[in-house]
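Worksheet: the structure to be examined is printed underneath.
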Amino acid sequence: MDGNSAIGEAAIRAGCRCYFGYPITPQNELTEYMAMHLSRKKGCAFVQAESELAAINMVYGASLVGARAMTSSSSPGISLKQEGISYLAACELPAVIVNMQRGGPGLGSISAAQSDYFQATRGGGHGDYRTIVLGPSSVQELADLTMRAFELADKYKIPVIILGDGVLGQMMEPVEFKKEAPAELPIRENSLRGATGRPSKIVKTFTSNPSELEEINWSLFRRYTLIKKQETTCETFMVDDARLVVIAFGIAARIAKGAIKTARAEGLKIGLLRPITLWPFPEEQVKEVAKTTGQFLVFEMNMGQMIEDVQLALAGQGEVAFYGRPGGVIPAPSEVARVITRLYYQKGLK
Amino acid sequence: MKLIYSRPKSLKKAVFHYCPGCGHSVAHRLICEVIDEMGLQEKTLGIPPPGCSVFAYNYFDVDMAESAHGRGAAVATGVKRAYPEIVVFTYQGDGDLAGIGTAETIHAANRGENITTIFINNAVYGMTGGQMAPTTLCGMKTTTTPYGRDHLLEGHPIKMSEILALLEGVAYIERVAVNSPSNIRKTKKAIAKAFQMQLDKRGFSMVEILSPCPTNWKMSSVQAWKWVDEEMAKVFPLGVFKDVTEKKDAD
Amino acid sequence: MLIKTLIAGFGGQGVLSMGLNLAEAAMLEGKNVTYLPAYGAEVRGGTANCTVAISDDEIASPVASSPEFVVAMNQPSAVKFQHHIQSGGLFFLNSSLVEVEILRGDIEIVRVAANKIAEELGSPKAANMVMLGALTRKSGLVELASMIETLKRIMGAKKKLVDVNEKALKTGYDLF
Ligand SMILES: Cc1ncc(C[n+]2csc(CCOP(=O)(O)OP(=O)(O)O)c2C)c(N)n1
Ligand code: SF4
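In order, the protein sequence lines correspond to chains A, B and C. The opening residue of the first sequence carries number 405 in this note's numbering; numbering runs sequentially from there. The opening residue of the second sequence carries number 4 in this note's numbering; numbering runs sequentially from there. The opening residue of the third sequence carries number 136 in this note's numbering; numbering runs sequentially from there.
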């Protein structure tokens, strides 16, 4: 199954019945999958919106009434959605937003890239907020993390972003769908479904009282602290005896893993740390690895974005090098292997 | 010997990347011919959109500046307001103009921006692989209307020429097609007239071109040309919807 | 062992279904597989290609910068991809449509008159299957039996279609 369709199937199995989207390559298969399975079905909604701006606001509406709702796009369209994401975050509404990244800035290229890391992990729109950001690196993980995204969104009343890329969306790999949500999900508390038997409620973000807004911001960040504590995840591969650890996410991590296996075969002690939650970033895990390894290489398909989180986590401990290919260029594992090997020898780790 | 066919000066020597039978190629050529004949090559700025015509700047030998999806009319507004001497045209698909850019288009037209819009209506999103466009016909199957467009769910095909003709700021609107030699001749005349409106500072002018997309309609070129007449033109009748120069003659 | 195959041709020649067939057959044999079609503006103007990676281990990247096997179903693909093939690799040419001279001496060239053979079989549309048969035999990527089983899975109930394609596949396989 292709990655885009796998997200669609996983979303439906997670109880998502509302999808709103606007065509953009390389994620159209997802929109089309949802059109096939959600249009003209009772209790389901599929709308091809007139723009991404409209689509994210439709998600906002569906979330207001308690639906598990999703939208998807690729980089230029995600920029348009930022306004809506800011409102979702402010109103504490769950939603799942998929970004199958492509090269940028501007219209860029339709090839896979990782240049929206900053946008995704720093909130992205205006105001002081965060979203949970998940970084899958295989078709199987696209499916698994989509299911997790809906759970996290509901649990913490927060928009969750799945940060994939063009290659993950387009490629086909075997995939297994693990669990299924109950056919009828309980109606989320605080859904605005009419004030029957209760006083009417308001969902709003605007207030003329700064201290009221400050309290809202504080409460958001209290929740963010909780999320950091409970939901941070990452994968490590052969880090125990490693003298050099590569840190990469998504498709880049997958390429790096191939490169590391090649280097290991030649006796170089190299490991991999792959953040799965990009926000919250696995700071503690990076620190833990730094206890035994002094040399890091951050590899990204951009000019260096996640590296800032790595540096913040390390706080001066260890040495961090960087290798990046921007613009939608997908480096081969052999290229990354060369980079790693050179660094390994340069730093006298052999 | 008389030269009866040559490449227009403002059309670059490049092989079109469009699919065989695609209306974009014809439309490009006609615009270039008009630009040549009106002597506008050095005064023109074209604004192509994301869409199959995203590489239009490879073909037009005039200044070209890409716009974000749907924002052509807004970009052209800025261009023309800042530098009225330029002749500016936007080149937009139906997803671009009638979907994501409806607001920009309607408001530029309503303000009577002195710009020219070439609107390619092929009833689908071509570039992204044949999804429903706002102009997709009822019953038509696309990748996002796998069961056919149903007006109860997805609305009726939107008729931009008719809608825009209602606005005061609009000088000229005509709907044409590029599916036969006589229609192609009419299209060229319409494009020339639209540019003339701009030169005469009459306000917003637009030519809507019904344009075959054999690839996403899943037809041969010949079938697609026929389909424009037999199906599309029924929903989108050809003709002039507004012409302020005519109105003047009347009163 | 990781092996990548790139298949290219005109849209409508069935190059994507060749790739899918190969990928699913390998999956059936319990191998790790990725399949990556080229998409978007690249495929305007009527060309298509896809990459299949097959491996016993996890696959690091589904993209092939220098594939072991390349299939060119038409002339433009032959021109475009001949320089991408790994040294020592195999270049499958549809000699019914490819006339261009191949300038490399470090690869093996396998010529298959796929269209001609398919026409002789009375099913001109099955040229892709003739080529796929030849690829199966010469590359040894998967068993012929897995290919046939996959064909049946993909085409399902359409028995006649399965028969035609199966025949073409076997004919291609028996060429070598
Ligand atoms: C903000 C944003 N969203 C989506 C896209 C993807 N996209 C590129 S072209 C296009 C629509 C193409 O359709 P149309 O305007 O009808 O032109 P055609 O390709 O048919 O000529 C879309 C949705 C984009 N470039 N930017
Ligand atoms: S997809 Fe359609 S609109 Fe795009 S180039 Fe091909 S025929 Fe033209």
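C-beta atoms are modelled at their ideal positions from N, C-alpha and C, and glycine is treated no differently.
* To do: Would you mind telling me which residues of chain A sit closer than 7 Å to C:Leu171, beta carbon to beta carbon, in chain order?
  => Val571, Gln574, Met575
>> Within 8 Å of any Cβ in chain C, is that where the Cβ of A:Ile514 sits?
In response: Chain C has a Cβ within less than 8 Å of the Cβ of A:Ile514.
- prompt: Using a beta-carbon distance cut-off of less than 7 Å, what residues from the stretch 275-292 of chain C approach chain A?
  reply: none
Taking only heavy atoms of ligand 1 into account, decide whether any of them is closer than 7 Å to the Cβ of B:Val210.
no
Point to revise | Per-residue contacts from C:Ser200 into chain A (C-beta, under 7 Å) | key: Those are Ala736, listed as they occur along chain A.
When Cβ atoms are compared, which residues of the stretch 444-470 of chain A fall closer than 7 Å to chain B?
The stretch 444-470 of chain A vs chain B, Cβ under 7 Å: Arg444, Gln452, Glu454, Ser455.
Under the criterion of a Cβ to heavy atom distance below 7 Å, does B:Val127 qualify as lining ligand 1?
yes
Does DSSP put A:Glu588 in a helix, in a strand, or in coil? coil
Endpoints, beta strand (DSSP E) assigned at B:Tyr175: 173-180
For B:Tyr128, the nearest candidate out of A:Gly508, A:Pro498, A:Ala453 (CA to CA)
A:Ala453
For this session: Flag C:Met282 as yes when its Cβ comes closer than 7 Å to any non-hydrogen atom of ligand 2, and as no otherwise.
Result: no
Measure the alpha-carbon distance for B:Ile38 versus B:Ser208 and round it to whole angstroms. Near 16 Å, if we compare the C-alpha coordinates of B:Ser208 and B:Ile38.
**Asked** Out of A:Thr600, A:Arg597, A:Gly601, A:Ile620, which has the shortest C-alpha to C-alpha gap to A:Lys608?
**Response** A:Ile620
Between the CA atoms of B:Ile161 and A:Asn432 - distance to the nearest angstrom:
Answer to the nearest angstrom: the Cα atoms are 23 Å apart.
Let me see if you follow: with CB-CB separation under 8 Å, is C:Met136 close to chain A or not? no
Worksheet entry | Inter-residue CB distance, A:Met551 and A:Gly407 (contact presumed, cutoff 8 Å) | Contact flag wrong, Cβ pair sits at about 14 Å.
* Asked: B:Ala180 to B:Ile212, Cα distance in whole Å?
  -> So the two alpha carbons sit approximately 5 Å from each other.
Query raised in the report: At a Cβ threshold of 8 Å, is A:Pro509 touching chain B?
Result: no
Compare the beta carbon distance of A:Val579 and A:Gln634 with 8 Å and say whether it is the shorter of the two. no
Residue-chain proximity (A:Ile428, chain B), Cβ-Cβ < 8 Å: yes
- Message: Any heavy atom of ligand 1 inside 7 Å of the beta-carbon of B:Cys55?
- Response: Yes - ligand 1 has a heavy atom lying nearer than 7 Å to the Cβ of B:Cys55.
request  = Consider the Cβ of A:Arg627: report whether some Cβ of chain C lies at a distance smaller than 8 Å.
outcome  = no
Report task. Return the residue from the list B:Val231, B:Cys55, B:Val29, B:Val18 that minimises the CA-CA distance to B:Gly133. Result -> If we check each option's Cα against that of B:Gly133, B:Cys55 comes out closest.
Does B:Thr120 have its Cβ less than 8 Å from a Cβ in chain A?
no
Requested in this report: Classify A:Asn613 as buried or exposed, calling it buried when 16 or more other Cβ atoms lie within 10 Å of its own Cβ.
Outcome: exposed
Would the stretch 661-681 of chain A and the stretch 717-725 of chain A be scored as touching if the rule is three or more Cβ pairs under 8 Å?
no
By DSSP, does C:Phe216 sit in helix, in strand, or in coil? helix
query: Got a sec? Which residues, its chain only, sit under 7 Å from C:Ser281 by beta carbon, not counting five neighbours each side?
result: Ala160, Leu163, Glu164.
inquiry  = Please classify C:Met136 as buried or exposed, where buried requires at least 16 neighbouring CB atoms within 10 angstroms.
reply    = That one is exposed.
**Prompt:** Below 8 Å, can you find three or more Cβ-Cβ pairs linking the stretch 498-505 of chain A to the stretch 555-564 of chain A?
**Reply:** yes
Neighbour flag for C:Pro197 against chain A, beta carbons, 8 Å: yes
Cα-Cα separation, C:Glu234 to A:Leu716
Approximately 59 Å, taken between the alpha carbons.
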